[in-house]
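All the letters of the sequence shown, read from the start, carry residue numbers -4 to 386 under the numbering used here. Yeah, the Cβ is synthetic: ideal placement off N, Cα and C, and Gly gets one too. Note that the structure is predicted; figures quoted are calculated from it, not measured. The next block holds one structure in the form of structure tokens; read it before the comments.
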Amino acid sequence: MPHLHIKEFKEIKLPYQEESVYFNFIAQNVNNTDEKLISTTYESEDFFLLVKEEENRSLLKTDKLTRPASIYNVHRSLLAYAKAADLEVIASNVPEGQKNVHLQEATALKKIEYFAKEFPQDKEIRIEVGFGSGRHLLHQAANNPDVLFIGIEIHRPSIEQVLKQIVIQKLDNVMLLDYDARLFMELIPSNLVGAIYVHFPVPWDKKPHRRVISTNFIKEARRVLKVGGTLELRTDSENYYAYSYETFIAFPKISLQINKNRDIAVSSKYEDRWKKMEKNIYDVIMTNDEESPELKIEGDFTFDQEIKLSNNELLALHNKTIRFEGGFIHFERVYKLDDGVMLRISMGSFDRPEHLYFLVQNKKASYYPELPLRSPINLQAHQELIKAING
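What follows is the structure in structure tokens.
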């Protein structure tokens, strides 16, 4: 992750603009005084820079929850703050050069708001979860120009490498997203998707709740797939294969195809490695046989009334958990602002929660820097949050 080690962190009077980077406000962690967040805006992206005070030096990097889609934007913002505050940089892994020429032309990387606002529905859609090096995704897109491919990945170097290849290969039918695929599935319209590829997911043997394949993921896949559409799992892990098969077969009615060591048109670098090691490759392919009801989600994330709790009462919510049927809210961290407070929360379902911030300034509340995903469980959590901050 891009970062600067600095001799001493210095605050600047905010708001402040350094070239085209805007610094809006600073949030001080109440329970961990060596941590600060700097609200930053660059190229229409809002995010936080994170300051960690260490012995004899400080660390300046991007906040993981709000990091922007482009690593280049992180680079520019870190260097801009260092310049604005005249920081003494001890060590850095932030390049000072210009953005890669292919990344300058790339438009395929989207934010979740793009899909939440109006999901593309003018052509068949296929989704790849965890595209890694992008071999399979790029091959499919090149050979199916009339299909829109949505690739989901959270590893930033992989995203940037695939963005470059999209430009080099002049592909106009690929969109990329850095987001939790389990949450993304909840906003896709029903009966739209032709195929979902889950190739070589992390097995998560010690943390099975983090696996992509789950009962809920399969339910959502059945809903978003059109009749005849497929969900394709490909794995070298016998444990993951066995777990997934049991999860699929637990449904009262389902169509499955099982393959072992099946050759496909293009293989990932991981598959090449496993084959050299003579490991078995397992496929579980589910075909959707039924049309699903239209997706209907009602409600929004507005805070219509003034917040009744005082700032001190809001700060006292730290480490509190609210449970309700199907979900929860947990107040992870609390911060002081010059004109209010900010809370970092996790909310939604237990196996795929969202982590986000919300501000309370002059008795008015708002999520920052973006709204939660508009899903039924998040909307329910929002109503519980309103109750909590109003006593």
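Residue burial classification, residue i (beta-carbon count within 10 angstroms, cutoff 16)
{"i": "Phe43", "result": "buried"}
{"i": "Glu148", "result": "buried"}
{"i": "Val390", "result": "Beyond the ends of the chain as shown, which are -4 and 386, falls residue 390; an answer cannot be given."}
{"i": "Gln160", "result": "buried"}
{"i": "Val336", "result": "buried"}
{"i": "Lys214", "result": "exposed"}
{"i": "Ile253", "result": "exposed"}
{"i": "Tyr109", "result": "exposed"}
{"i": "Asn68", "result": "buried"}
{"i": "Arg318", "result": "exposed"}
{"i": "Ala176", "result": "buried"}
{"i": "Lys56", "result": "buried"}
{"i": "Arg268", "result": "exposed"}
{"i": "Ala101", "result": "buried"}
Which residues DSSP lists as bridging residue i, in chain order
{"i": "Leu143", "result": "Ile120"}
{"i": "Tyr352", "result": "Arg339, Tyr363"}
{"i": "Gly322", "result": "Phe319"}
{"i": "Tyr37", "result": "Glu40"}
{"i": "Tyr67", "result": "Bridge partners of Tyr67: none, in fact."}
{"i": "Asn24", "result": "Tyr330"}
{"i": "Glu114", "result": "For the sequence presented, residue 114 should be read as Phe rather than Glu. DSSP, once it has assigned bridges, lists no residue as partnering Phe114."}
{"i": "His0", "result": "Leu54, Ala86"}
{"i": "Arg229", "result": "His194, Asp278"}
{"i": "Glu49", "result": "Arg52"}
{"i": "Leu158", "result": "None; Leu158 has no bridge partner."}
{"i": "Gln12", "result": "Tyr17"}
{"i": "Lys5", "result": "Answer is none; Lys5 lacks a bridge partner."}
{"i": "Leu133", "result": "Answer by DSSP bridge pairing: none, since Leu133 is not bridged."}
{"i": "Lys105", "result": "Leu172"}
{"i": "Lys31", "result": "Gln23, Val46"}
{"i": "Leu368", "result": "According to DSSP, which records beta bridges pairwise, Leu368 is partnered with nothing at all."}
{"i": "Leu220", "result": "Val188"}
Same chain, Cβ closer than 6 Å to residue i, neighbours up to 5 away in sequence not counted
{"i": "Leu366", "result": "Phe296"}
{"i": "Arg218", "result": "Ser185, Ser287"}
{"i": "Val193", "result": "Val124, Val207, Leu228"}
{"i": "Leu226", "result": "Ile191, Ala216, Met281"}
{"i": "Ser239", "result": "Ile208, Leu228, Val279"}
{"i": "His350", "result": "Leu60, Ser341"}
{"i": "Ala80", "result": "Lys5, Ile7"}
{"i": "Arg151", "result": "Ile66"}
{"i": "Leu178", "result": "Arg347, Leu368"}
{"i": "Leu290", "result": "Pro184, Ser185"}
{"i": "Lys315", "result": "Phe326"}
{"i": "Phe298", "result": "Ala360"}
Inter-residue CB distance, residue i and residue j (contact presumed, cutoff 8 Å)
{"i": "Lys5", "j": "Ile85", "result": "No, Lys5 and Ile85 are not in contact; Cβ-Cβ is about 14 Å, not under 8 Å."}
{"i": "Val46", "j": "Ser53", "result": "6 Å"}
{"i": "Tyr277", "j": "Lys255", "result": "6 Å"}
{"i": "Ala136", "j": "Phe144", "result": "5 Å"}
{"i": "Leu32", "j": "Tyr330", "result": "7 Å"}
{"i": "Leu132", "j": "Ser370", "result": "Rounded, the Cβ-Cβ distance is 25 Å, inconsistent with contact."}
{"i": "Lys303", "j": "Asn385", "result": "4 Å"}
{"i": "Thr230", "j": "Pro196", "result": "7 Å"}
{"i": "Val222", "j": "Asp284", "result": "7 Å"}
{"i": "Val169", "j": "Leu220", "result": "Contact doesn't hold; Cβ gap of about 20 Å is too wide."}
{"i": "Ala64", "j": "Lys112", "result": "That pair is no contact at about 16 Å."}
Beta-carbon contacts of residue i that lie in its chain and below 7 Å, excluding the five residues immediately before and after
{"i": "Ala260", "result": "His134"}
{"i": "His204", "result": "Asp346"}
{"i": "Asp200", "result": "Asn234"}
{"i": "Ser250", "result": "Met281, Thr282, Asp284"}
Any chain C beta carbon closer than 9 Å to residue i
{"i": "Glu48", "result": "Absent from the structure is chain C; it holds one protein chain and no more."}
Sequence-distant residues of its chain with Cβ nearer than 8 Å to residue i (five each side left out)
{"i": "Glu301", "result": "Lys358, Lys359"}
Checklist entry - Counting only runs that start and end within the stretch 247 to 318, where is the beta strand (DSSP E) found for 3 or more residues in a row? => result 250 to 255, 277 to 282
Checklist entry - Along the chain, which unbroken stretches of the alpha helix (DSSP H) at least 4 residues long are found entirely within the stretch 162 to 217? => result 176 to 179
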